[in-house]
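Number of protein chains: 2
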Amino acid sequence: MLLKHFYALVMAGGGGTRLWPLSRQIRPKQMLPLIEEEQTMFQMTVRRLPPLLPPERVFVITGQDQVDALRADVPEVPAENFIVEPFGRDSGPAAGLGILAIAERDPDAIVAVLSADHHIAQTERFRAVLHSAAELAQRNMIVTLGIPAYRPATDFGYIRRGEFLERLHGFDCFHAEQFTEKPDRERAMKFLKSGLYNWNSGMFILGARDVLEEYRRQQPEMYDLLMQIRPLLGASDFTAQITPYWEKMPKLSIDYAIMEGATNIAVIPVDIGWSDVGTWGMLFDVLEGDENGNIIRGAGNGHILLDTVQTLVVSNRMVVTIGLEDLVVVDTDDVLLVCHRDHAQDVRKVVKQLRDQGKDSYL
Amino acid sequence: MLLKHFYALVMAGGGGTRLWPLSRQIRPKQMLPLIEEEQTMFQMTVRRLPPLLPPERVFVITGQDQVDALRADVPEVPAENFIVEPFGRDSGPAAGLGILAIAERDPDAIVAVLSADHHIAQTERFRAVLHSAAELAQRNMIVTLGIPAYRPATDFGYIRRGEFLERLHGFDCFHAEQFTEKPDRERAMKFLKSGLYNWNSGMFILGARDVLEEYRRQQPEMYDLLMQIRPLLGASDFTAQITPYWEKMPKLSIDYAIMEGATNIAVIPVDIGWSDVGTWGMLFDVLEGDENGNIIRGAGNGHILLDTVQTLVVSNRMVVTIGLEDLVVVDTDDVLLVCHRDHAQDVRKVVKQLRDQGKDSYL
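These protein sequence lines map, in sequence, to chains E and Z.
Going by our numbering, the first residue of the first sequence is number 1329, and it counts up by one from there.
Going by our numbering, the first residue of the second sequence is number 1329, and it counts up by one from there.
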């Protein structure tokens, strides 16, 4: 049976300043209970996988500073399924290492490479499309999930659909003709109008054997280093032992390292209520507001929102808002952010400024 | 010389929830460094009086819960000049008691009744008009300072100018024909259009003897109680001793108790850059913003205001604002207020709601 060989690799290395000031280096987005008050994004990521993928078939790749918190967050995932990098080398090496670890366990593995901090509203449909994608991957395709693009976003990658492949359990599958990293607005608008593009969800479903062959073909340096690391897998001081190899690792995203140059790529366009929740503004799209469109998190002290609409409040202290519209108010112990919804992506400018000024305690 | 008998009575009993959440019952507006970062409103009130009125001729009437802080705030004012009410009975009894105390010291006293928490930008002109008003008061007029009304405010009282009296050291003096408490908007608009009205600054300059006679004539019950209190002035346990009398005191404002029914009232219209700083919105009118019209208080941690204009930030933590306009952000230890400038007077609704809910710790 196909699903016997199906695994998930959760990429949980996120630096995590995208939802600053709530997300910090020491508590990145995946560790925040953003969508559900009682569940972190990482917990939701792992727990939406069964029954398709039980916890023992979930692998996690992350950094030394986060692994303890992540293990504690999902105790149902076996501790040895956490692969710990010495430091980040972007998603290309990380995915390669994770897939290698899974392939050691099961050479016939089909792996779903997933992000630890993305939201998926329609979990049943998500598992269904994963199932179909796995079936396609077993036939040596590298499968991506394409998200319907409904606005000319400049902060997502795009996938151009090519030739129609087949209809699989109700999902139309296409050749993926072209990957484009974050385009400028004009180009994004063209993509949107053409009707031929999907957003790149960053989720890939692939055969471990196939993708390792792609590493060998496209990224020989990376592949050689991975092969030198291979015998160390399972060592008790694995992370320390691989450090010299990791230092030599090229820093590349998986899209750039593998996907753009691979030939056997398929895309399955699917609406699963996906969001990378990349900015506070996007959280509005994901969460359901009250009758005034307001979204409140951490309301322990009974916030008071007077004449306030379409406003997001995150705070453990009492917050009083009067006469607000389209604002984001995020209150943490040491920083308060008040931001217009339409300016939410400028949070990164502030984070950059703080980094440049060496104000690391705020990062 | 006239000024030998000139005194100030600073009314410092304010409940102090008008600039909530910064102003609290335990730290009302007069104790806040709103205008200058290093001076409280009360300090500014006392310290703008010399050389016209030196500290030893400044009297303060306040409550038991505030007197220690106020004394510490202006150590140059003799401790015995602080008259302490057992509890508030509005400004009628408070002013009567303060004037009585001054009259005991100097029966020929001319008293300037002032608020502890109003702002006056033009202090020299203020002292000049006080001087002229004192001269008029010595001729048995009760003098009020009238502020040029430039908008149909509904949160001020209005004074209708009557017959022209005289020009005194460059100030035109008029009979005050009518006092109107906070009018509705329509009426305020009529007042504004007529050109005959000034705002009531709540500052009165009057002979102690004259005004006590007005208490006797208009408020005999209040007057009788004051006369029973008179022999207790100077007692070490004064406040405790007057409590039984104070319990019987009618609760009336000085405007209602005395001014509206007095005959010999004059008004001197004068522009002295006055503001009662009654709301966060009014603070904008008083303080000078930076090149973007932003006003920052307590910026110890280096606030970051990005694409933000006409916004007031009060906080000791780091505050980051992005894409804001016309907002007030007031951050205190236990409450955060984010309020549109045009809704600043609705802060009182919130305070009322908290009071009704018994959430006294926030008041």
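We treat Cβ as the ideally placed atom computed from N, Cα and C, and that holds for glycine.
DSSP places ARG1417(E) in no alpha helix (DSSP H); its state is neither H nor E. Out of GLU1491(E), ALA1336(E), ARG1479(E) and ASP1500(E), the CA that lies nearest to the CA of GLN1506(E) is found in GLU1491(E).
Spanning the alpha carbons of THR1482(E) and LYS1510(E) requires a straight line of approximately 5 Å. Secondary structure at PRO1572(Z): helix, using DSSP grouped into helix, strand and coil.
At a cut-off of 8 Å, the C-beta of MET1555(E) has no neighbouring C-beta in chain Z.
Distances from the alpha-carbon of VAL1656(Z) to those of ARG1625(Z), ASP1538(Z), VAL1388(Z) and ASP1684(Z) put ARG1625(Z) closest.
Interface criterion met: the Cβ of LYS1677(E) is under 8 Å from a Cβ in chain Z. The beta carbon of ILE1438(Z) is closer than 8 Å to those of LEU1330, HIS1333, PHE1334, TYR1335, ALA1462, ALA1465, GLN1466, ILE1533, LEU1534, GLY1535 and ALA1536 in its chain, skipping five residues each way along the sequence. Secondary structure within the stretch 1522-1556 of chain Z: the beta strand (DSSP E) runs of 3 or more consecutive residues, fully enclosed, are 1525-1535 (chain order). Any Cβ of chain E closer than 8 Å to the Cβ of VAL1605(Z) would place that residue at the interface, and such an atom is absent.
Interface flag for VAL1441(E) against chain Z is unset, since no Cβ pair is found closer than 8 Å. Under DSSP, PHE1387(Z) shares a beta bridge with LEU1337(Z). Distance from VAL1647(Z) to THR1649(E) at the Cβ level is roughly 15 Å; contact not present, criterion being Cβ atoms closer than 8 Å. Neighbours of GLY1686(E) in chain Z, taken as residues at a C-beta separation under 7 Å, are lacking, since the least C-beta distance is about 12 Å. Under a 10 Å Cβ-count criterion, ARG1352(E) is classified as buried, with 16 or more other Cβ atoms of the shown protein chains found around its own Cβ.
For a Cβ distance threshold of 9 Å, residue set LEU1634, ASP1635, ILE1650 and GLY1651 of chain E lies close to ASP1674(Z), ordered along the chain. When DSSP reads this structure, ARG1625(E) sits in a beta bridge with VAL1642(E).
The contact set of LEU1664(E) on chain Z, defined by CB atoms closer than 8 Å, consists of SER1643, ARG1645, MET1646, VAL1647, VAL1648, VAL1657, ASP1659 and LEU1664 in chain order. For TYR1690(E), the nearest CB of chain Z lies under 8 Å from its own CB, placing it at the interface with that chain. Assigned with DSSP and collapsed to three states, TYR1478(E) falls in coil, not helix or strand.
For ILE1632(Z), the secondary structure class from DSSP, reduced to helix, strand or coil, is strand.
Contact between the stretch 1420-1438 of chain Z and the stretch 1574-1585 of chain Z is present, with at least three C-beta pairs closer than 8 Å. Proximity of chain E to ASP1670(Z) at the Cβ level (cut-off 9 Å) is accounted for by GLY1651, in chain order. Contact annotation: in the stretch 1470-1503 of chain Z, no residue has its CB less than 8 Å from a CB in chain E. Non-local C-beta neighbours of TYR1573(Z) in its own chain, meaning closer than 6 Å and more than five positions away in sequence, comprise LEU1553, GLN1556 and ILE1557, ordered along the chain. Contact between MET1339(Z) and VAL1441(Z) holds, since their C-beta atoms are separated by about 7 Å, short of 8 Å. Straight-line spacing of the CA atoms in VAL1405(Z) and PHE1519(Z) works out to 40 Å. Nearest CB-CB separation between GLN1681(E) and chain Z: below the 8 Å threshold.
Pairing ARG1346(E) with GLY1530(E) gives a Cβ-Cβ distance that is not under 8 Å. For THR1508(E), the enclosing beta strand (DSSP E) stretches over residues 1499-1508. Under the three-state reduction of DSSP output, ARG1433(E) falls in the helix class. Excluding its 5 nearest sequence neighbours in each direction, LEU1652(Z) has C-beta neighbours in its own chain below 6 Å: THR1636 and THR1639, listed in chain order. For LYS1680(E) and LYS1579(E), the gap between their C-alpha atoms comes out near 20 Å.
When the five nearest sequence neighbours on each side are left out, the beta carbons in the same chain lying within less than 7 Å of the beta carbon of PHE1454(E) are those of ARG1376, ILE1448 and ILE1600, in order along the chain. Using a Cβ-Cβ distance cut-off of 8 Å, the stretch 1468-1488 of chain E and the stretch 1521-1530 of chain E are in contact, since at least three pairs of beta carbons, one from each stretch, lie closer than that value.
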